[in-house]
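Line by line, the protein sequences give chains A and B.
Under UniProt numbering, the first residue of the first sequence is numbered 1, with each subsequent residue one higher.
Under UniProt numbering, the first residue of the second sequence is numbered 1, with each subsequent residue one higher.
There are 2 protein chains.
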Amino acid sequence: MDESEFLAGYDPRAYPAVAVTVDVVALTIRGGGLRVLLIRRAEQPHAGLWALPGGFIRPGEDLPQAAARELAEETGLSDRVHIEQLASYGAPERDPRMRIVSISYLAFAPDLPDPRAGSDAADASWHPVDKLPELAFDHDRILAHGLERARGKLEYTPLATAFAGERFTISELRGVYETVWGVSLHAGNFHRKILSVPGFVESTGETTESGGARGGPRAKLYRAGDARLLHPALLRPAREEQIR
Amino acid sequence: MDESEFLAGYDPRAYPAVAVTVDVVALTIRGGGLRVLLIRRAEQPHAGLWALPGGFIRPGEDLPQAAARELAEETGLSDRVHIEQLASYGAPERDPRMRIVSISYLAFAPDLPDPRAGSDAADASWHPVDKLPELAFDHDRILAHGLERARGKLEYTPLATAFAGERFTISELRGVYETVWGVSLHAGNFHRKILSVPGFVESTGETTESGGARGGPRAKLYRAGDARLLHPALLRPAREEQIR
DNA sequence: CTTTGTTATTCTCATACTGAGATTGTCTCA
DNA sequence: TGAGACAATCTCAGTATGAGAATAACAAAG
Numbered sequence: 001m002d003e004s005e006f007l008a009g010y011d012p013r014a015y016p017a018v019a020v021t022v023d024v025v026a027l028t029i030r031g032g033g034l035r036v037l038l039i040r041r042a043e044q045p046h047a048g049l050w051a052l053p054g055g056f057i058r059p060g061e062d063l064p065q066a067a068a069r070e071l072a073e074e075t076g077l078s079d080r081v082h083i084e085q086l087a088s089y090g091a092p093e094r095d096p097r098m099r100i101v102s103i104s105y106l107a108f109a110p111d112l113p114d115p116r117a118g119s120d121a122a123d124a125s126w127h128p129v130d131k132l133p134e135l136a137f138d139h140d141r142i143l144a145h146g147l148e149r150a151r152g153k154l155e156y157t158p159l160a161t162a163f164a165g166e167r168f169t170i171s172e173l174r175g176v177y178e179t180v181w182g183v184s185l186h187a188g189n190f191h192r193k194i195l196s197v198p199g200f201v202e203s204t205g206e207t208t209e210s211g212g213a214r215g216g217p218r219a220k221l222y223r224a225g226d227a228r229l230l231h232p233a234l235l236r237p238a239r240e241e242q243i244r
Numbered sequence: 001m002d003e004s005e006f007l008a009g010y011d012p013r014a015y016p017a018v019a020v021t022v023d024v025v026a027l028t029i030r031g032g033g034l035r036v037l038l039i040r041r042a043e044q045p046h047a048g049l050w051a052l053p054g055g056f057i058r059p060g061e062d063l064p065q066a067a068a069r070e071l072a073e074e075t076g077l078s079d080r081v082h083i084e085q086l087a088s089y090g091a092p093e094r095d096p097r098m099r100i101v102s103i104s105y106l107a108f109a110p111d112l113p114d115p116r117a118g119s120d121a122a123d124a125s126w127h128p129v130d131k132l133p134e135l136a137f138d139h140d141r142i143l144a145h146g147l148e149r150a151r152g153k154l155e156y157t158p159l160a161t162a163f164a165g166e167r168f169t170i171s172e173l174r175g176v177y178e179t180v181w182g183v184s185l186h187a188g189n190f191h192r193k194i195l196s197v198p199g200f201v202e203s204t205g206e207t208t209e210s211g212g213a214r215g216g217p218r219a220k221l222y223r224a225g226d227a228r229l230l231h232p233a234l235l236r237p238a239r240e241e242q243i244r
């Protein structure tokens, strides 16, 4: 049955109202770890619990636009931020008050400033993803989905450069992978791999001003290349448990 | 801003109504090609145009449930069908009458019977994806997205077995890949690869009743294995144009 | 200023995976 | 009965990966 044919025969307002929101899983790397932006709920239900930033779509506003707006309301930033649709959630009882369908978005950004709590939120801050508080609604599921998507996209897209600054060293890029995947990678092999994937990074010809904090030579600086897909991909160490 | 805080301060019914539908991209292999289930619209707007099957979500009905129902209404089938969420579309003007947010689902099945047109549809049939009619709304975009997703999932999941029957030969499985990807694959290498990926297929110990229609020995029959991910993945021949 | 420890970068080497082509033997059809 | 089709297996070269080591530049402590 097509939606419009349905519309022709039925009045949608005869149905219980459905509300559509966007929720944003915004990830960044801070303090050596992967963090997600959460806001503390000021109102019932789940008042006092942390939740993903999000809100109703507005008339005339497209979905990605709504997600970018919600993110900007909390972080003040909208450019330099990669944002993409994640998934939608619409279980009838996911919000106790009414039927709410949520379109979730995934956002990545280099180290962002501290968020400012919106007028409607009691608090807003970046939380380490490995030490999360209890979340409101089904936001734990949405976040888990977002993390898994982010980890996967690191494999076959240059997404990691979106977590790094304008210019970065190979080691910094490796740090992104290690942080997001939660593993440690072989420095030599990683270096070889990054430089051998066409279009992943391009040299700036510059180096860091000084060596690392604890020694070592100055590292060459790179910027993101023009590849949209990594080929061959940079695969995570095999996770046997995930295969079956 | 969280959705519930918003709710506390604003009455969503004060906003123009938003309707939520599911649309299904149902793919199967028929007549040697990849085909998608389309229904012909009986009502305005876009009356007479072909469209993806879909319709409003019902109160108390979860999203995947709604998608399965819509598919079953057209095909009569609900088991043996793999179904997964694809993406959501909510551009303000995508339906001329009101704000409609559509959650799209992707379904795969072995060769299915001819669809029966729902009472609301003028016609329903399987269309070759490489020879499509003009589609209603933004359904061409949704379908393109679904095809790309299906092609990608063939690489790293055992999805191809969902297009094959209960038991299948390696050659039939290769035919699935060749049909969906639109390429021809090296039979020997494909054979080696399939048998070397743990859990992709398992032997039934049986063979086909006779050789191929034009000769050749009887082929061994396999069934789908227990792997959920293919490791290593079965990658498409490199598509340079898609990398940049 | 010298020593020690760290880190960037490059190499080596063994192993695994892939693409291309060829071989062997079974089976259908003319 | 012969020709062609096709399943299944094998070979070989090229490429990619994992692990470890070597080289050299640099910071910080003595």
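Glycine included, C-beta positions come from ideal geometry on N, C-alpha and C.
No experiment lies behind these values; they were computed from the predicted model shown.
Under 9 angstroms between C-beta atoms of residue i and residue j
i, j, result
"L147 (chain B)", "Y177 (chain B)", "no"
"L52 (chain B)", "L135 (chain B)", "yes"
"P59 (chain B)", "P92 (chain A)", "yes"
"S104 (chain B)", "L63 (chain A)", "no"
"L143 (chain B)", "V25 (chain B)", "yes"
"D226 (chain A)", "G205 (chain A)", "no"
"G31 (chain A)", "V129 (chain A)", "no"
"L195 (chain B)", "T208 (chain B)", "no"
"L38 (chain B)", "H145 (chain B)", "no"
"E61 (chain B)", "A124 (chain B)", "no"
"H82 (chain B)", "A213 (chain B)", "no"
"L71 (chain B)", "A107 (chain B)", "yes"
"R141 (chain B)", "G76 (chain B)", "no"
"P110 (chain B)", "A68 (chain B)", "no"
"V180 (chain B)", "P237 (chain B)", "no"
Chain B contact residues for residue i, given Cβ-Cβ distances below 7 angstroms
i, result
"R244 (chain A)", "G199, D226, A227, R228"
"I194 (chain A)", "Simply none; closest approach about 15 angstroms."
"A87 (chain A)", "Q85"
Interface residues of chain A facing residue i [CB-CB closer than 8 angstroms]
i, result
"E61 (chain B)", "P92"
"A124 (chain B)", "What A124 (chain B) touches in chain A: nothing, since even the nearest Cβ is about 10 angstroms away."
Identified DSSP bridge partners for residue i
i, result
"S102 (chain A)", "A:T21, A:Y89"
"L135 (chain A)", "A:W50"
"V36 (chain B)", "B:L27, B:H127"
"R167 (chain A)", "A:R223"
"A107 (chain A)", "A:A26, A:I83"
"G215 (chain A)", "A:G212"
"G55 (chain A)", "A:V22"
Start-to-end residues for the beta strand (DSSP E) that takes in residue i
i, result
"P128 (chain A)", "123 to 128"
"T207 (chain A)", "201 to 207"
Continuous alpha helix (DSSP H) stretch holding residue i: start and end
i, result
"G175 (chain A)", "170 to 181"
"S184 (chain A)", "No alpha helix (DSSP H) holds S184 (chain A); DSSP gives it neither H nor E."
"A42 (chain B)", "It is not in any alpha helix (DSSP H) - A42 (chain B) carries neither H nor E in the DSSP assignment."
"R69 (chain A)", "63 to 75"
Own chain residues within Cβ distance below 8 angstroms of residue i, not counting five before or after
i, result
"R41 (chain B)", "A47, G48, L49, W50, A51, A121, A122, A136"
"S4 (chain B)", "Any reading at S4 (chain B) is ruled out, since the residue's pLDDT is 43, under 50, leaving its predicted position unreliable."
"A17 (chain B)", "M98, R99"
"P96 (chain B)", "P45"
"D114 (chain B)", "S125, W126"
"R94 (chain B)", "I100, S102, F137, D138"
"L235 (chain A)", "E155"
"R35 (chain B)", "L27, T28, I29, W126, H127, P128, V129"
"A187 (chain B)", "S171, R174"
"R167 (chain B)", "T204, E206, L221, Y222, R223"
Contact set between residue i and chain B, taken where Cβ atoms lie within less than 8 angstroms
i, result
"I57 (chain A)", "V18, G90, V101"
Check: residue i C-beta below 8 angstroms from any heavy atom of the ligand FMN
i, result
"P45 (chain B)", "Of the ligands one can find in the structure shown there are none, so the ligand FMN has no counterpart to examine."
Chain-order list of residues whose beta-carbon lies under 6 angstroms from that of residue i (same chain, five-residue window excluded)
i, result
"A233 (chain B)", "E155, Y156"
"F190 (chain B)", "R174"
"P133 (chain A)", "W50"
"V197 (chain B)", "L230"
"E66 (chain A)", "The amino acid at residue 66 (chain A) is misidentified as Glu; the sequence shows Ala. Answer for A66 (chain A): V22, I57, listed in chain order."
"G211 (chain B)", "P217, R218"
Contacts around residue i, its chain only, beta-carbon distance under 7 angstroms, and the 5 residues preceding and following it disregarded
i, result
"L229 (chain B)", "Y156, T157"
"R149 (chain B)", "L86, L106"
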